[in-house]
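K.L.:
The structure under discussion is supplied below as structure tokens; questions concerning it will follow.
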Amino acid sequence: MSAQPMPASDAASAEPAVRAASPRTLREALPVFLRHGSPRILIACVGIAVAARVAAGGWSAWDLVPLVALVLYWPIQEWGIHVFILHAKPRRVFGRTIDLRVPRKHRAHHREPWRLDILFIPMHSFLYTIPILAGVWWLVTPSASLALTGIAAHFALALHYEWVHFLVHTRVTPRNAYYQRLWKSHRRHHFKNENYWFGVTMLSGDRLLGTAPDVADVPTSPTARTLLA
Ligand SMILES: [Zn+2]
Ligand SMILES: [Zn+2]
Ligand SMILES: [Zn+2]
42 MSAQPMPASD
52 AASAEPAVRA
62 ASPRTLREAL
72 PVFLRHGSPR
82 ILIACVGIAV
92 AARVAAGGWS
102 AWDLVPLVAL
112 VLYWPIQEWG
122 IHVFILHAKP
132 RRVFGRTIDL
142 RVPRKHRAHH
152 REPWRLDILF
162 IPMHSFLYTI
172 PILAGVWWLV
182 TPSASLALTG
192 IAAHFALALH
202 YEWVHFLVHT
212 RVTPRNAYYQ
222 RLWKSHRRHH
232 FKNENYWFGV
242 TMLSGDRLLG
252 TAPDVADVPT
262 SPTARTLLA
């Protein structure tokens, strides 16, 4: 397989056909979502973690602590991964170009934002993100029960992220005001200016870190499709 990216002009000319085949309703979208590897892995992870949490028992009010901490942390995680990992530029190090798979895949997603096959979390990344996530929850909680509460909720938010990000790139239009804001924000990131609006399912990271400006103040970026200045 060639690593050469599709020229922007070709990607643009293929666009109407790609868009016309895109799901328009949640009913049409769900089977497409479930055909892909990353949603399947995340559904399995949520199922296993919830089952393990139920088996561990010992519920208490303390279970709310990992949940609240996660909801406060999540927008920062979305922002940080998007800014520092997904948008990492190729770098020359000792005469070699370092350009990791994850940012390469994200640039392909920016070039062809309506192509549904290339927008999911890359499968190989689960090899390290799952152990890291489980390990961190284990370290920051005092018991297996509370660790499993955090782990289960973390996978649930990741699955929610994957579902929302997929839907934003279909023709499904949300009715709920919160989701309408998410749609608007992520589409601005893709079509207005890639240097702003990094949040996908929670937008407080952008508000906190200064990347949610008034659209009128932001120039349309010529590199929103390529991410390469
Ligand atoms: Zn596919
Ligand atoms: Zn996107
Ligand atoms: Zn991006």
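The numbering of the sequence shown is the numbering used here, which starts it at 42 and goes up by one. Glycine included, C-beta positions come from ideal geometry on N, C-alpha and C. Just so we're clear, the structure is a prediction, and the values are computed from it rather than from any experiment.
#1: When we look at the beta-carbon of residue 239 and count the other beta-carbons within 10 Å, is it buried (16 or more) or exposed?
#2: Within 10 Å of its beta-carbon, does residue 192 have 16 or more other beta-carbons around it, so buried, or fewer, so exposed?
#3: Let me make sure I understand the geometry here. Which of 182, 252, 216 has the alpha-carbon closest to that of residue 229?
#4: DSSP state of residue 213, grouped into three classes?
#5: Quick one: is residue 192 near chain C, going by C-beta distance under 9 angstroms?
#6: What's the call for residue 64, buried or exposed, on a 16-neighbour Cβ count within 10 Å?
#7: Which residue or residues does DSSP assign as beta-bridge partners of residue 133?
#8: From residue 194 to residue 109, what distance separates their C-alpha atoms?
#9: Might you give, ordered along the chain, the residues of its own chain that have their beta carbon closer than 6 angstroms to the beta carbon of residue 211, omitting 5 neighbours on each side?
#10: According to DSSP, is residue 247 part of a helix, a strand, or is it coil?
#11: With a threshold of 8 angstroms (Cβ to nearest heavy atom), would residue 268 be considered close to ligand 3?
#12: Please return the same chain residues whose Cβ sits closer than 8 angstroms to the Cβ of residue 222, not counting the five positions on each side in sequence.
#13: Can you tell me whether DSSP reads residue 122 as helix, strand or coil?
#14: Could you check if residue 210 belongs to the surroundings of ligand 3, using beta carbon to heavy atom distance under 8 angstroms?
#15: Drop a sphere of 10 angstroms on the beta-carbon of residue 101, count the other beta-carbons inside from all chains shown, and report buried for 16 or more, exposed for fewer.
P.N.:
By the coordinates alone:
#1: Here residue 239 refers to the residue found at position 198 of the sequence shown. With 16 or more Cβ atoms within 10 Å of its Cβ, residue 239 is classed as buried.
#2: For the purposes of this step, residue 192 is taken as residue 151 along the sequence shown, with counting starting at 1. The residue is buried, with at least 16 neighbouring Cβ atoms inside 10 Å.
#3: Here residue 229 is taken as the residue at index 188 of the sequence shown, counted from 1. If we check each option's Cα against that of residue 229, 252 comes out closest.
#4: On the sequence shown, position 172 is the one that residue 213 refers to. Secondary structure at residue 213: coil, using DSSP grouped into helix, strand and coil.
#5: Annotation note: the requested chain C is absent from the structure, which comprises a single protein chain.
#6: Translated into positions along the sequence shown, residue 64 becomes position 23. Answer is buried; the Cβ neighbour count reaches 16.
#7: The sequence position of residue 133 within the sequence shown is 92, counting from 1. In DSSP, residue 133 forms a bridge with 138.
#8: Sequence index remark: in the sequence shown, residue 194 carries index 153 (1-based). Sequence index remark: in the sequence shown, residue 109 carries index 68 (1-based). Taking the straight line from one Cα to the other gives about 10 angstroms.
#9: Here residue 211 corresponds to residue number 170 of the sequence shown, with the count starting at 1. If we look at residue 211 and ignore the five residues flanking it on each side, its Cβ neighbours are 63, 64, 70.
#10: Walking along the sequence shown from the start, residue 247 turns up at place 206. Three-state DSSP puts residue 247 in a helix.
#11: The sequence position of residue 268 within the sequence shown is 227, counting from 1. Checking the Cβ of residue 268 against ligand 3 gives yes.
#12: Sequence index remark: in the sequence shown, residue 222 carries index 181 (1-based). Cβ neighbours of residue 222 beyond the five flanking positions: 244.
#13: Within the sequence shown, numbered from 1, the residue matching residue 122 stands at position 81. Looking at residue 122 - three-state DSSP - the assignment turns out to be helix.
#14: Numbered from its first residue, the sequence shown carries residue 210 at position 169. Checking the Cβ of residue 210 against ligand 3 gives no.
#15: The residue given as residue 101 occupies position 60 in the sequence shown. Exposed.
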